[in-house]
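Comments concern the structure below.
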Amino acid sequence: MTAASTALYDIPGPQTRKRHFLYGVLSTLLILALAGWVLYLLFDTRQFTSAKWNPFAYEGIQELLLRGLGNTLKAFAYAAVLSLALGALLATGRLSDHRAVRWAATLLVEFFRAMPVLVMIFFIFVALKVQPLPALVAGLTLYNGSVLAEVFRAGVNSVERGQREAAYSLGMRKTQVMAYVLVPQGVRAMLPTIISQLVVALKDTSLGFLITYEELLHAGKLIASNLDYDLPFIPVVMVISPIYIGMCMLLSWFAQWVAKREKRSPKTEAVEVGPADAGTLLPGVH
């Protein structure tokens with residue numbers, strides 16, 4: 001079987017490759033032009049003058065940013081752990097053999113997935129009169145947990161049907177099949193989507209500033225509102241944005257590290273089986 005017959009699309013010819021190269025060059029020039037225009041606007045509005053960046057050298061502002069970063073990480077840690085736990089619980093309900101449990105879990109998943117996360121946070125904070133941190137964590141947990149429930153369910157169902165049938169043929173119970181066969185194999189398919197959803201949860205912690213939770217964006221708002229020059233939000237955004245981007249990139253790097261470590265794990269590597277000797281017989285065979 002040739003490579004061309006296994007491709008999902010026609011192998012590009014010389015003209016197509018030239019056209020794709022031209023598209024790539026034009027796209028790169030367009031991105032560079034856009035970046036240059038943004039830099040021109042920043043220099044034109046004098047955003048890089050020392051007067052606008054000196055305040056960030058003050059110890060009080062640095063402490064405010066660090067405190068906001070710590071609160072962001074704390075809210076994310078709580079939301080991530082609780083979202084994973086809720087997602088696993090709801091996914092177990094959706095995979096249940098009992099119709100009532102399955103329908104109840106499905107109803108909860110669909111309801112919390114459809115609700116905007118900001119609406120849930122505001123409802124918990126205003127209507128239920130919950131403190132800012134628990135309200136933020138609860139809203140993030142309900143939304144991201146319902147999304148992760150579908151991720152877990154899809155990951156378990158992605159395992160080849162023969163694996164499930166082979167496990168049941170060995171006399172394993174459903175709990176054992178899930179714990180020892182389906183979930184370990186489904187984790188590989190789930191991991192990229194799980195990390196992507198956790199990145200969403202990390203970014204959504206910025207919604208906490210709307211309910212006066214003192215996270216990183218709230219700290220930036222306080223700093224910008226106390227600076228006495230034009231467009232004070234731009235330098236603040238230029239400081240805060242790389243922090244958010246760096247945290248998301250670090251989380252993605254951690255996911256890649258876990259995936260590579262999983263591939264190198266002796267538990268997941270294939271075991272070589274030596275050839276049978278000519279005189280080897282099965283037990284009971286003469």
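Take 1 as the starting number for the sequence shown in my numbering and just add one per residue.
The beta-carbon is built from N, C-alpha and C at its ideal position, and this holds for glycine as well.
Take every Cβ of the segment 138 to 156, pair it with every Cβ of the segment 182 to 196, and state whether three or more of those distances are shorter than 8 Å.
Because the criterion of three Cβ pairs below 8 Å is met, the segment 138 to 156 and the segment 182 to 196 touch.
Do the segment 114 to 125 and the segment 208 to 216 make contact, defined as three or more Cβ pairs closer than 8 Å?
Output reads yes: the segment 208 to 216 touches the segment 114 to 125.
Proximal residues to Ala-51 (C-beta, below 8 Å), its chain only, five neighbours per side dropped
Taking Ala-51 as the centre and dropping the five residues before and after it, the same chain places the C-beta of Tyr-229 closer than 8 Å to its C-beta, in chain order.
Residues near Ser-196 by beta carbon distance below 7 Å, same chain, minus five either side
The answer is none, since no qualifying residue turns up.
C-alpha gap between Leu-64 and Ala-219, whole angstroms
Those two C-alpha atoms are separated by around 6 Å.
Give the straight-line distance between the Cα atoms of Gln-176 and Leu-250, rounded to the nearest whole angstrom.
In this structure, the CA atom of Gln-176 is about 34 Å from the CA atom of Leu-250.
Measuring only the C-alpha atoms, how far is Phe-254 from Tyr-78?
So the two alpha carbons sit approximately 18 Å from each other.
Do Val-117 and Leu-29 have their CB atoms nearer than 8 Å?
No.
For Asn-226, count neighbouring C-beta atoms within 10 Å of its own C-beta (all shown protein chains included) and say buried if the count is 16 or more, exposed if not.
Burial call: exposed.
Hey, could you find the ends of the alpha helix (DSSP H) Ala-127 is sitting in?
Here Ala-127 belongs to no alpha helix (DSSP H), and DSSP marks it neither H nor E.
Would Leu-281 be called buried (16 or more neighbouring beta carbons within 10 Å of its own) or exposed?
Caution applies to Leu-281, whose pLDDT of 48 falls short of 50 and renders its modelled position unreliable; the value that the coordinates give is listed next. By the Cβ-count criterion, Leu-281 is exposed, with fewer than 16 other Cβ atoms from all chains shown falling within 10 Å of its own Cβ.
Rounded to whole angstroms, what's the CA-CA distance from Asp-204 to Asn-71? Just pull it up for me.
One C-alpha to the other measures close to 13 Å.
Nearest to Thr-141 by CA position, among Val-200, Pro-12, Leu-32 and His-20, is which residue?
Restricting attention to Val-200, Pro-12, Leu-32 and His-20, the CA atom closest to the CA of Thr-141 is found in Val-200.
Could you say which of Phe-56, Phe-43 and Leu-34 lies nearest to Ala-224 if we only look at CA atoms?
Taking only the C-alpha atoms, the option nearest Ala-224 is Phe-56.
Where the alpha helix (DSSP H) through Arg-173 begins and ends:
From DSSP, Arg-173 is part of no alpha helix (DSSP H); its letter is neither H nor E.
Run of the alpha helix (DSSP H) containing Asn-157, from where it starts to where it stops
For Asn-157, the enclosing alpha helix (DSSP H) begins and ends at 132 to 157.
Going along the chain, which residues of its own chain have a beta-carbon closer than 8 Å to the beta-carbon of Ala-179, five neighbours each way excluded?
So the list is empty, once near-sequence residues are dropped.
Can you give me the start and stop residues for the alpha helix (DSSP H) that Ala-80 sits inside?
That run of the alpha helix (DSSP H) goes 59 to 94.
If contacts are defined as beta-carbon pairs under 8 Å, then Val-159 and Leu-182 qualify, I think. What distance do you get, rounded to the angstrom?
5 Å between Cβ atoms; contact.
Length of the line joining the Cα atoms of Ala-4 and Pro-12
Here Ala-4 scores only 47 on pLDDT, less than 50, and its place in the model should not be relied on; the value that follows carries that caveat. The straight-line gap from Cα to Cα measures roughly 10 Å.
Contact belief for Gly-145 with Gly-87 at Cβ below 8 Å, rounded distance in angstroms
Confirmed, Cβ separation roughly 5 Å.
So the alpha helix (DSSP H) Gly-36 belongs to, where does it begin and stop?
First-last of the alpha helix (DSSP H) with Gly-36: 14 to 44.
Is the CB-CB distance between Leu-128 and Ala-75 below 8 Å?
Contact annotation: Leu-128 and Ala-75 have beta-carbon atoms that are not nearer than 8 Å.
Val-109 beta carbon less than 8 Å from that of Arg-94
In this structure, Val-109 lies closer than 8 Å to Arg-94 by Cβ.
Got a sec? Which residues, its chain only, sit under 8 Å from Arg-46 by beta carbon, not counting five neighbours each side?
Lys-52.
Candidates Gln-62, Met-115 and Leu-217, of which the one nearest Ile-240 by Cα
The candidate whose alpha carbon is nearest that of Ile-240 is Leu-217.
Classification of Ile-245 by the beta-carbon crowding that lies within 10 angstroms, buried from 16 upward:
Label assigned to Ile-245: exposed.
Which listed residue (Lys-221, Cys-248 and Ser-252) has its alpha carbon closest to that of Val-237:
Per the Cα distances, Lys-221.
Quick check: the Cα distance between Gln-15 and Trp-257, rounded to an integer number of angstroms?
Take the alpha-carbon of Gln-15 and the one of Trp-257: they are about 39 Å apart.
If you drop the 5 nearest sequence neighbours on each side, which residues of the same chain put their C-beta closer than 8 Å to that of Cys-248?
Val-199, Leu-202 and Lys-203, listed in sequence order.
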